[in-house]
Each structure stands twice: as C-alpha cells, then as structure tokens.
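K.L.:
Counting in numbering that gives the first Met the number 0, the sequence shown runs from 0 upward without gaps. A single structure is presented below for examination.
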Amino acid sequence: MDSYKILKQALTTTSWVKLYSVPEADSVSVGPGGTPVEVAPKAVSRKTQTLITSIIACGQAADVYSIGLRPDSGSTDPTAIHLLVDEKTLSINTTDVLSLGLTLGAANSLWVKSGINSAVSITIMGIETT
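What follows is the structure, given as structure tokens:
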C-alpha cells in the first residue's frame, strides 16, 4: 500500500553520504531456501519508485548544505552526483523546505553533505509505490 511518510532523517557530514535509496524490486524467486521457484524477472515481478514530495533542511549551526541525486552505480565517486542543491547557505535556527515533486526509480539515491559535521538536519518526505 502506498503511503505518505518520512522516508529518512539524518544529520549531515562533510562528505557525500547516501541518505535515501529507492527500494529495489523483489527477488526473482520465492520458496524455502533450498528449493526456490522462479516467478518472473525482477523488472516484471515488482517495479518500485518513490515520489519525493519535500526535503526539509534545518540549520543547527550557520552552514551550507548540498543535496545530490545519483543513479546507483555502486561508485562512491562524488563527481557522479547530479546536484539538486549546491552549497546553499542556511543560517542557525532556520529551515528550508524544498518542494520538489521528484520521482526516483529503483535503486536511485539521494546524497547529502554540509560544510560542518552535524550542522544540518535533513528530513525527506515522500511516497514509495510498487
């Protein structure tokens, strides 16, 4: 069942950190460990996506923050991140609410970083659909 919920909450660090990943499709088989039965290819059995409705950034210290999107390639190379927000200034005790309406496919992920460790609290709100 699809439901609107908090997808993830975390404090930022000074390095790019994967904050949220869209769940991958179900496995291709079901059954007890020794005798699984193939049901269908993953892409056919269950397709997943997430609608990111808002991202809330709350400044716990005067700082800058960045939010990026990256298709899951298994790499931790920060140059593979497509920036959504780059070095946005956030004053202490202030909040930014980004209303994106951003749809992510299976295994896509949102990454965050800030200039000071634990200076920005990030909350991602959205709907996971299958």
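Quick reminder that beta carbons are idealized off the backbone N, C-alpha and C, glycines included.
1. Which whole-angstrom value describes the C-beta separation of Ala-56 and Ile-115, a residue pair presumed to lie in contact below a C-beta threshold of 8 Å?
2. Which of helix, strand or coil does DSSP assign to Val-21?
3. Kindly indicate which three-state DSSP category Trp-15 falls into: helix, strand or coil?
4. May I ask you to report which of helix, strand or coil DSSP gives Ser-117?
5. Classify Lys-17 as buried or exposed, calling it buried when 16 or more other Cβ atoms lie within 10 Å of its own Cβ.
6. Is Thr-11 buried or exposed, if buried means 16 or more other CB atoms sit within 10 Å of its CB?
7. For Ala-42, collect the residues of the same chain with a Cβ closer than 6 Å to its Cβ; drop the 5 residues on either side in sequence, then sort them by chain order.
8. Given Leu-50, which residues of its chain have a CB within under 6 Å of its CB, disregarding the five upstream and five downstream residues?
9. Less than 8 Å between C-beta atoms, sequence neighbours within five positions excluded: which residues of the same chain meet that for Asp-1?
10. Identify every residue that forms a DSSP beta bridge with Ile-180.
P.N.:
In terms of the structure at hand:
1. Actually they are not in contact, since the Cβ atoms of Ala-56 and Ile-115 sit about 13 Å apart, beyond 8 Å.
2. coil
3. coil
4. coil
5. exposed
6. buried
7. Low confidence applies to Ala-42: its pLDDT is 48, below 50, so where it sits in the model is not reliable, and the reading given next is rough at best. So no residue of the chain qualifies.
8. Thr-102, Gly-125, Ile-126
9. Ile-126, Glu-127, Thr-128, Thr-129
10. Residue coverage of the chain in this structure runs from 0 to 129, which leaves residue 180 outside it and unanswerable.
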